[in-house]
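Going by the UniProt record's numbering, the residue at position 34 of the sequence shown is 34; the numbering climbs one at a time, nothing skipped.
Just so it is clear, CB atoms sit at the ideal spot from N, CA and C, and this is done for glycine as well.
Values in this document were obtained by computation on a predicted structure and should not be read as measured data.
Only one structure is covered here, and it is reproduced in the block below.
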Amino acid sequence: MRQGDGELNYAFWCFVRCGIRPGEYASLPIREKLLIQAMIEVWDEQTPGLP
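This is the structure:
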């Protein structure tokens, strides 16, 4: 993810990379959302240029 991306983008990438649908993502507790966001940011750093 890039700086300035909103929660909707995290929901989208969560679905693309994890198979968690945006509706399911929206209902997750904030702690789990933050964990997913951190994982996506780590993936982004390790695989630049990939969606």
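Round the Cβ separation of residue i and residue j to the nearest angstrom and send it over; I've been treating them as touching at under 8 Å.
i   : j   : result
Y25 : A38 : Not really, about 14 Å apart at Cβ, beyond 8 Å.
R21 : W43 : No, R21 and W43 are not in contact; Cβ-Cβ is about 19 Å, not under 8 Å.
In this structure, does DSSP put residue i in helix, strand or coil?
i   : result
P22 : helix
L34 : helix
Taking the beta carbon of residue i as the centre, do at least 16 other beta carbons fall within 10 Å, making it buried, or is it exposed?
i   : result
C14 : buried
I36 : buried
I40 : buried
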